[in-house]
Amino acid sequence: MASFGQPDYAGHKDLTNACWPKWEALGRGPFRFEAKSLALTRAAHKKIRESAQPREYICQALAWAERFSKERPEDIWLAEWVSILRGAMASDDGIIAMYDMMIAETEHGIDMRQSSPWAGVLSTHERTQVLSHFAEEWKRMHGDD
1 MASFGQPDYA GHKDLTNACW PKWEALGRGP FRFEAKSLAL TRAAHKKIRE SAQPREYICQ
61 ALAWAERFSK ERPEDIWLAE WVSILRGAMA SDDGIIAMYD MMIAETEHGI DMRQSSPWAG
121 VLSTHERTQV LSHFAEEWKR MHGDD
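Start counting the sequence shown at 1; every next residue gets the next number (this note's numbering).
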């Protein structure tokens with residue numbers, strides 16, 4: 001498994017440590033919750049990209065996002081995910097835009113991951129593996145903080 005800073009999927013630009021330059025521009029390293037969210041989203045990103053039927057996962061995420069955006073209309077990031085996911089259901093260009101937003105190395109990407117619709121993509125086992133690996137990598141890189 002790739003570390004949280006090193007995705008290992010083929011056919012896409014190299015995003016090794018993609019978020020670090022933005023965080024450095026902010027004058028700080030990533031907060032733990034930001035890096036953990038990125039690790040989970042990268043795992044979902046990889047699973048969706050490698051799927052023979054990626055739109056099944058997108059449809060699932062869209063249904064979740066539409067349901068919760070009605071309950072939380074003040075969540076502008078979730079409303080944006082609904083729009084992005086609808087675009088991904090409609091076209092290949094929409095899927096590419098969705099993939100880019102999932103792992104965007106921008107402050108906006110960091111914000112969007114805080115309203116992530118990807119919770120149902122990873123199984124409990126996959127999520128546990130990602131979180132265990134993340135915890136090991138974080139401790140190795142940052143100590144016990």
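Every residue gets a Cβ at the ideal spot worked out from N, C-alpha and C, and that includes glycine.
Between the region 55-65 and the region 113-121 there are three or more inter-stretch CB-CB distances shorter than 8 angstroms, so the stretches are counted as touching. Look at glutamate 71 here: in three-state DSSP terms it is helix. Taking the Cα of methionine 102 as reference, the smallest distance to any Cα among Ser91, Ala90, Leu78 and Arg32 is reached at Leu78. Each residue's CA atom was taken as its position, placing isoleucine 96 and alanine 44 some 15 angstroms apart. Counting along the chain, threonine 106 sits inside no alpha helix (DSSP H), nor does DSSP assign it H or E at all.
Looking only at Ser132, Met112, Asp92 and Gly143, the smallest Cα-Cα distance to arginine 49 is reached by Asp92.
A Cβ-Cβ separation of about 7 angstroms places leucine 85 in contact with proline 117 under the 8 angstroms criterion. Under the DSSP assignment, glutamine 129 falls in the alpha helix (DSSP H) whose first and last residues are 124-142. DSSP, reduced to helix, strand and coil, places tryptophan 118 outside both helices and strands of the structure shown, so it counts as coil. In the structure shown, arginine 28 falls within a coil segment according to DSSP collapsed to helix, strand and coil. Taking the C-beta atoms as reference points, valine 82 is found no nearer than 8 angstroms to alanine 104. The alpha carbon of phenylalanine 31 has as its nearest neighbour, out of Asp111, Asp75 and Met89, the alpha carbon of Asp111. Exposed is the label assigned to lysine 139, since fewer than 16 other Cβ atoms lie within 10 Å of its Cβ.
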